[in-house]
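So that you can map any letter, position 112 of the sequence shown is 114 in this note's numbering, and since no number is skipped, the others follow by simple counting.
The beta-carbon is built from N, C-alpha and C at its ideal position, and this holds for glycine as well.
Every value quoted in this text rests on a predicted model; they were computed, and no experiment measured them.
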Amino acid sequence: MSASIHPVVHSIPRHTLTRLAREWLAEDTPNFDPAGVCVGSEDTEARLLCKSPHTILAGCPFFTAVFHEVGCTVDWIYQEGAELGPDSVTLTAVVRGPARDLLLGERPALNCLTRASGIATRCSQLQSIAKASGWHGEVAGTRKTTPGFRLVEKYAMLVGGVSMHRQDLSGMVMLKDNHVWASGSITKAVQVTRSVCGFSSKIEVECQSTAEGREAAAAGADIVMLDNFKPEELHSAAKVLKTEFPALLIEVSGGVTPENLPLVFSPHVDIISLGCITQGCPVADFSLKVQKHCATSM
3 MSASIHPVVH SIPRHTLTRL AREWLAEDTP NFDPAGVCVG SEDTEARLLC
53 KSPHTILAGC PFFTAVFHEV GCTVDWIYQE GAELGPDSVT LTAVVRGPAR
103 DLLLGERPAL NCLTRASGIA TRCSQLQSIA KASGWHGEVA GTRKTTPGFR
153 LVEKYAMLVG GVSMHRQDLS GMVMLKDNHV WASGSITKAV QVTRSVCGFS
203 SKIEVECQST AEGREAAAAG ADIVMLDNFK PEELHSAAKV LKTEFPALLI
253 EVSGGVTPEN LPLVFSPHVD IISLGCITQG CPVADFSLKV QKHCATSM
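In structure tokens form, the structure reads like this:
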């Protein structure tokens, strides 16, 4: 592989790509494909077009894996992480293979690419806002992902330049308000959880006040999440907690959007997580166009 390829491409094992591609294809074509009869199996070429200027290209490994499973090849003109445009239409890749197989892979492959590229584009925009403000913390995603599609969405965050946060419940302990209420107190929740996760996992506690943040830090939490704070309250609480617990990581979450993100930046805040990275994020507009001069009827 070329050194110019985005390094995150190497993070997805080949067997994982194969498994996902097969699942997506089985979902879309569980038995017969009547439409495939009219196009036959003659070699065909299709062009992948991006019609959303300034899109960050993401999801190439998934797109390629789908077409590999149906016996087609993909030649990429742009690499993962490239910004497409500024033209209104950008030729991004060329797909070749038997016509009916190419059309079998079309929708599953495009679903991955449009969704992943939309997320990566939003992430890139968020990073640009942080950079312009001179903030040096980490913008992060959340677990508010599409069921069954989390790997693609988390991967797209990395391509877009933000942290994907924890991938699942096993990746890091996060004690939210319901955990605290069910266990009785922040201190008890942290202590009991630490006895299970040991040294290998960080513990984060969702807090609604500076007092709760103090309790979490004193109990041994590694990260305190200041949840749904107003900007002025947030800056005050973050400063107090950082002063009293310098090694503590401070995360901010709840109601943060691209529009109000600059209000949250603080030298005392280490992480800002946004559900809007995946929830309500626009998809990029890609289409796959079969070249008529290559298509042959059965």
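Short of 7 Å in beta carbon distance, which residues of its chain neighbour residue i, apart from the five on each side in sequence? Order them along the chain.
| i | result |
| --- | --- |
| A239 | T212, G215, L228, F231 |
| A154 | Residue identity check: residue 154 is Val in the sequence provided, not Ala. Correct list, in chain order: G61, F64, C114, R117, A118. |
| A5 | For A5, the predicted model reports a pLDDT of 42, less than 50, meaning its position is unreliable; a value from the coordinates is still stated below. If we look at A5 and ignore the five residues flanking it on each side, it has no Cβ neighbours. |
| V271 | G139, A240, I252, V254 |
For residue i, list the residues DSSP reports as bridge partners.
| i | result |
| --- | --- |
| R49 | V96, K291 |
| W78 | A95 |
| E140 | I273 |
| L86 | T57 |
| S165 | A142 |
| C114 | DSSP output for C114 lists no bridge partner at all. |
| V198 | None, per the DSSP bridge assignment. |
| V226 | V207, I252 |
Look at residue i and residue j and say whether their C-beta atoms are less than 8 Å apart.
| i | j | result |
| --- | --- | --- |
| A220 | L243 | no |
| D45 | V72 | no |
| D77 | V96 | yes |
| M176 | E208 | yes |
| S197 | A191 | no |
| T280 | G143 | yes |
| E85 | I273 | no |
| H8 | V161 | yes |
| G107 | F151 | no |
| G99 | C74 | yes |
| G277 | K146 | yes |
| S289 | S275 | no |
| V41 | L93 | no |
| I302 | E235 | The chain is shown only over 3 to 300; residue 302 falls outside these bounds and no answer can be derived. |
Taking the alpha carbon of residue i as the reference point, which residue from the options has its own alpha carbon closest?
| i | options | result |
| --- | --- | --- |
| G61 | T148, A111, L27, P269 | A111 |
| E206 | L251, S197, D35, A184 | L251 |
| L171 | Y157, T195, V154 | T195 |
| W183 | Q210, G200, N262, M159 | Q210 |
| W137 | K291, P284, L263 | L263 |
| E261 | V285, Q127, G200 | Q127 |
| D179 | S43, G200, V226, P248 | V226 |
| F247 | P233, T259, H237, D224 | D224 |
| R109 | A286, L27, G282, A249 | L27 |
| E25 | S135, C52, K53, A67 | A67 |
| A249 | I79, Y80, K204, D35 | K204 |
Taking 6 Å as the limit between beta carbons, can you name the residues of its chain near residue i, skipping five residues before and five after?
| i | result |
| --- | --- |
| R168 | M174 |
| R16 | none |
Strictly under 8 Å for the Cβ-Cβ distance: is residue i near chain B by that measure?
| i | result |
| --- | --- |
| V76 | The chain inventory of the structure shown lacks chain B, comprising one protein chain alone. |
Using C-beta distances below 8 Å, list every residue in its chain close to residue i, excluding the 5 sequence neighbours before and after it, in chain order.
| i | result |
| --- | --- |
| K294 | none |
| Q193 | A221, G222 |
| M3 | With a pLDDT of only 35 at M3, under the threshold of 50, the placement of this residue in the model should not be trusted; the figure read from the coordinates follows. Closer than 8 Å at the Cβ level, and outside the excluded window around M3, lie V11, H12. |
| E47 | V96, V97, R98, V292, Q293, C296 |
| D89 | P55 |
Cβ pair count under 8 Å reaching 3, the stretch 127-144 against the stretch 265-280: Between the stretch 127-144 and the stretch 265-280 there are three or more C-beta pairs closer than 8 Å, enough to call the two in contact.
Contact between the stretch 47-65 and the stretch 119-126 (3+ Cβ pairs under 8 Å) = Three or more beta-carbon pairs separated by less than 8 Å link the stretch 47-65 to the stretch 119-126, which places the two stretches in contact.
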